[in-house]
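With the working numbering applied, the sequence shown covers 6 to 426. No residue lacks a Cβ here, since even glycine has one placed at the ideal position from N, Cα and C. This one's a predicted model, so the numbers in the text were calculated from it and none came from an experiment.
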Amino acid sequence: MVLSVAIDPFSQQVLAFPSREVRAANVTASVQRALGYRPVWDIPTSDWGVLDPTMQSALLTGLARINSPLDPMCPSSSCAYPGFTSLGICSKCEDITKDAIQTCRPIAENSSFWDGSKNHPRGPFLSTPFNCSYSFPDGFVFTPFITNMVLQSNNDLYAARQPFSSITTSSWENIHSNPSILVSFFSAKFSRDLTYTVSNASAVDMIPTMTNCTVFLCEKQYNESRGTIHSNTAQPFRIQPLPVRNMTACIQREPCLVAPAHGAEQFSANSTYSIEYDTLSNLWSLMNMLFNTSLTQTDGMLQPGIQSSSFLFSSDNLTQSIDSMATSMTDHIRSSDKGSAVRGWAYQVETYIHVRWPWVILPGIAVILSILLFIIMTRETRGHPVLWKSSVLPLLLGQLRVSPDHDFSIMRPLGKLNDDS
Numbered sequence: 006m007v008l009s010v011a012i013d014p015f016s017q018q019v020l021a022f023p024s025r026e027v028r029a030a031n032v033t034a035s036v037q038r039a040l041g042y043r044p045v046w047d048i049p050t051s052d053w054g055v056l057d058p059t060m061q062s063a064l065l066t067g068l069a070r071i072n073s074p075l076d077p078m079c080p081s082s083s084c085a086y087p088g089f090t091s092l093g094i095c096s097k098c099e100d101i102t103k104d105a106i107q108t109c110r111p112i113a114e115n116s117s118f119w120d121g122s123k124n125h126p127r128g129p130f131l132s133t134p135f136n137c138s139y140s141f142p143d144g145f146v147f148t149p150f151i152t153n154m155v156l157q158s159n160n161d162l163y164a165a166r167q168p169f170s171s172i173t174t175s176s177w178e179n180i181h182s183n184p185s186i187l188v189s190f191f192s193a194k195f196s197r198d199l200t201y202t203v204s205n206a207s208a209v210d211m212i213p214t215m216t217n218c219t220v221f222l223c224e225k226q227y228n229e230s231r232g233t234i235h236s237n238t239a240q241p242f243r244i245q246p247l248p249v250r251n252m253t254a255c256i257q258r259e260p261c262l263v264a265p266a267h268g269a270e271q272f273s274a275n276s277t278y279s280i281e282y283d284t285l286s287n288l289w290s291l292m293n294m295l296f297n298t299s300l301t302q303t304d305g306m307l308q309p310g311i312q313s314s315s316f317l318f319s320s321d322n323l324t325q326s327i328d329s330m331a332t333s334m335t336d337h338i339r340s341s342d343k344g345s346a347v348r349g350w351a352y353q354v355e356t357y358i359h360v361r362w363p364w365v366i367l368p369g370i371a372v373i374l375s376i377l378l379f380i381i382m383t384r385e386t387r388g389h390p391v392l393w394k395s396s397v398l399p400l401l402l403g404q405l406r407v408s409p410d411h412d413f414s415i416m417r418p419l420g421k422l423n424d425d426s
């Protein structure tokens with residue numbers, strides 16, 4: 006009894022029930038890729054700058070950062086996916102505020118801007134450096150417009166200006182010289198209103214936050230990845246631009262093949278990427294219209310109507326907004342009709358029995374010794390009635406009344422149980 010209690014903790018350690026991941030049978034995981042793009046909706050070739058609604062939705066929801074990512078298909082608790090490449094849209098934004106050279110001067114008194122005596126600045130405001138411009142090393146110059154100026158009753162001067170400006174720097178000529186670029190644009194965002202008092206009449210305006218962004222066709226390479234049913238988004242780990250290989254053939258409605266420039270190797274040597282010319286030109290046209298915009302104020306009030314500049318002005322991080330737009334457009338391309346599924350592996354969790362053999366040693370030794378003890382005692386006490394003295398059988402059977410034909414009846418005369426007990 007004592008020995009059994011002592012070895013019981015060791016016996017409980019013999020069997021374990023761990024879990025492991027194994028390939029799930031009859032189910033397959035997959036992730037989307039695309040080597041080309043064709044709109045879901047057929048757009049007439051005469052409609053310049055018209056995108057199908059699904060791509061427009063992807064563009065705007067991405068710009069507003071409310072897009073839903075394209076998740077791989079995972080029919081089980083855990084999945085793994087191989088590496089793959091895909092045609093996509095990429096972006097690159099750079100803060101160029103530090104590169105700007107600010108030049109500010111007063112607006113000439115005889116300028117047509119001062120037409121109307123009620124808006125004419127008085128006293129010290131005649132020399133206030135309202136008119137500012139910002140020049141850059143590449144020759145680009147940005148001059149924000151002041152749309153209205155009001156001398157308030159407390160003698161403060163309020164200037165209504167464009168709080169946000171976005172100017173496209175790409176042109177139709179650029180698409181031939183650098184045919185991977187969909188749009189390049191410059192943006193400037195002012196952080197506060199422009200208000201002057203007598204004490205700060207000569208102050209120079211604060212420099213706005215200025216950013217230069219480029220959106221372009223690219224090849225995206227996704228690494229091998231694992232995911233669960235709840236967290237399962239594929240992320241690219243490197244990209245490279247994909248300009249049109251032969252723009253002349255592309256314009257003639259031949260397939261617009263895109264490939265890395267200057268003889269660079271594709272991430273996937275066996276892939277051929279393409280896009281239709283009408284789709285490419287409509288993308289270029291729409292995006293150049295979308296990012297050539299300003300948030301305009303007149304008399305301190307916003308202009309009515311929906312403006313694309315509102316998305317850009319309201320963004321707390323323009324770089325992230327443009328990157329989100331590019332990701333959303335890429336997800337739409339990957340899920341389009343020209344997309345295909347890359348097969349992965351689905352896993353499920355199973356529980357199995359594991360025998361920990363080292364824990365068997367002590368219980369096994371105890372069992373073996375017990376068997377040996379029994380055998381030895383049996384051999385040594387064979388034919389000796391003294392064995393009954395250490396047994397409980399005499400106490401149990403000594404006073405038992407049985408019929409003569411019962412098996413136990415022969416034990417009473419043979420063993421003289423009453424005397425032994």
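In terms of residue numbering, what span does the beta strand (DSSP E) encompassing residue i cover?
i	result
T335	Looking at the DSSP string, T335 is not in any beta strand (DSSP E); the run it does join, the alpha helix (DSSP H), is L323 to R339.
I280	Y278 to I280
V263	C261 to V263
T133	Taken as a continuous stretch (DSSP letters only), T133 belongs to no beta strand (DSSP E), as it is neither H nor E.
L56	No beta strand (DSSP E) contains L56, which DSSP labels as neither H nor E.
T200	L199 to Y201
If you run the structure through DSSP and keep just helix, strand and coil, what is residue i?
i	result
V354	strand
T33	coil
E114	coil
R25	strand
G369	helix
T66	helix
Q245	strand
R384	helix
A269	coil
F191	strand
F221	strand
A254	helix
S299	strand
S375	helix
S83	strand
T284	helix
A274	coil
P44	coil
S432	Outside the displayed range of the chain (6 to 426) lies residue 432, so it cannot be described from this structure.
I12	helix
DSSP has residue i in a bridge; who is on the other side?
i	result
H359	A21
Q226	T90 and R243
G344	A39
M215	A193
S138	T108
G232	C84
Residue range of the alpha helix (DSSP H) that residue i falls in?
i	result
D76	No alpha helix (DSSP H) contains D76, which DSSP labels as neither H nor E.
S91	Unbroken run through S91 is the beta strand (DSSP E), F89 to D100; no alpha helix (DSSP H).
S319	S314 to S319
Since residue i contacts residue j with CB under 8 angstroms, what's their CB separation in whole angstroms?
i	j	result
A39	S91	5 angstroms
V188	V220	5 angstroms
N160	V203	6 angstroms
F169	S314	5 angstroms
P87	G349	6 angstroms
M211	S192	Not quite, the Cβ-Cβ distance comes to about 16 angstroms (not below 8 angstroms), so this is no contact.
P129	A206	4 angstroms
L222	L262	Actually they are not in contact, since the Cβ atoms of L222 and L262 sit about 11 angstroms apart, beyond 8 angstroms.
Q245	A274	So it is not a contact: roughly 13 angstroms between Cβ atoms.
V77	C109	Per the sequence shown, the amino acid found at residue 77 is Pro instead of Val. With a Cβ gap of about 53 angstroms, P77 and C109 do not count as contacting.
F296	F195	Between F195 and F296 the Cβ distance is about 18 angstroms, and since that is not below 8 angstroms, they are no contact.
F242	Q226	6 angstroms
R361	A21	6 angstroms
P44	M60	7 angstroms
Y357	A29	Wrong, their Cβ atoms sit about 16 angstroms apart, outside the cutoff.
A239	R250	With a Cβ gap of about 27 angstroms, A239 and R250 do not count as contacting.
May I ask you to check if the CB of residue i is nearer than 7 angstroms to at least one heavy atom of the ligand NAP?
i	result
P149	By its list of ligands, the structure shown contains no ligand whatsoever, and the ligand NAP lies outside what it can speak to.
Query - Continuous alpha helix (DSSP H) assignments of at least 4 residues falling wholly in the region 140-189 - result: 177-182
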